[in-house]
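See below for the structure under consideration.
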Amino acid sequence: YTPSGWVEGPGNVRDVAVSFFRNHFSAEEWERPTLDEVDFPMLSVEHNDQLTVPFSIEEIEEVVKSSDGSKCPGPDGFNFAFIKEFWELMKNE
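Residue numbers (my numbering): 6 to 98.
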């Protein structure tokens, strides 16, 4: 459908679609939205430091033990059932 009405036939539909996208993407000037006026809250140095501290082995173990072992495997192919079974062997890796 165009502002002038329905377009029929494969050739006409193609011509209208090509024309639309050619005009749409050939604009030489367009306004990109900016965020200059937005006041984003910032983290303090202390909060940032807390977010970048490595996880402790206790935190990781708590997550492993509380996770459902039957969920699908991760990118390495291992699911939590496998990790739970071999946790003592894997925990320091």
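Where a beta carbon is used, it is the ideal one built from N, C-alpha and C, also for glycine. Just so we're clear, the structure is a prediction, and the values are computed from it rather than from any experiment.
Within 10 angstroms of the Cβ of residue i, are there 16 or more other Cβ atoms? Answer buried if so, exposed if not.
i, result
"Ile-88", "buried"
"Phe-83", "exposed"
"Phe-26", "exposed"
"Phe-45", "exposed"
"Phe-91", "exposed"
Spell out the partners DSSP gives residue i in its beta bridges.
i, result
"Gly-10", "Thr-7"
How many angstroms separate the CA atom of residue i from the CA atom of residue j?
i, j, result
"Phe-60", "Glu-66", "10 Å"
"Glu-13", "Ala-22", "12 Å"
"Asn-17", "Ser-24", "10 Å"
"Leu-48", "Pro-38", "25 Å"
State the start and end residues of the unbroken alpha helix (DSSP H) segment that holds residue i.
i, result
"Leu-56", "50 to 56"
"Phe-94", "Note that residue 94 corresponds to Leu in the displayed sequence, not to Phe. It spans 92 to 95 - the alpha helix (DSSP H) in which Leu-94 sits, taken as one unbroken run."
"Arg-27", "15 to 30"
"Lys-70", "62 to 71"
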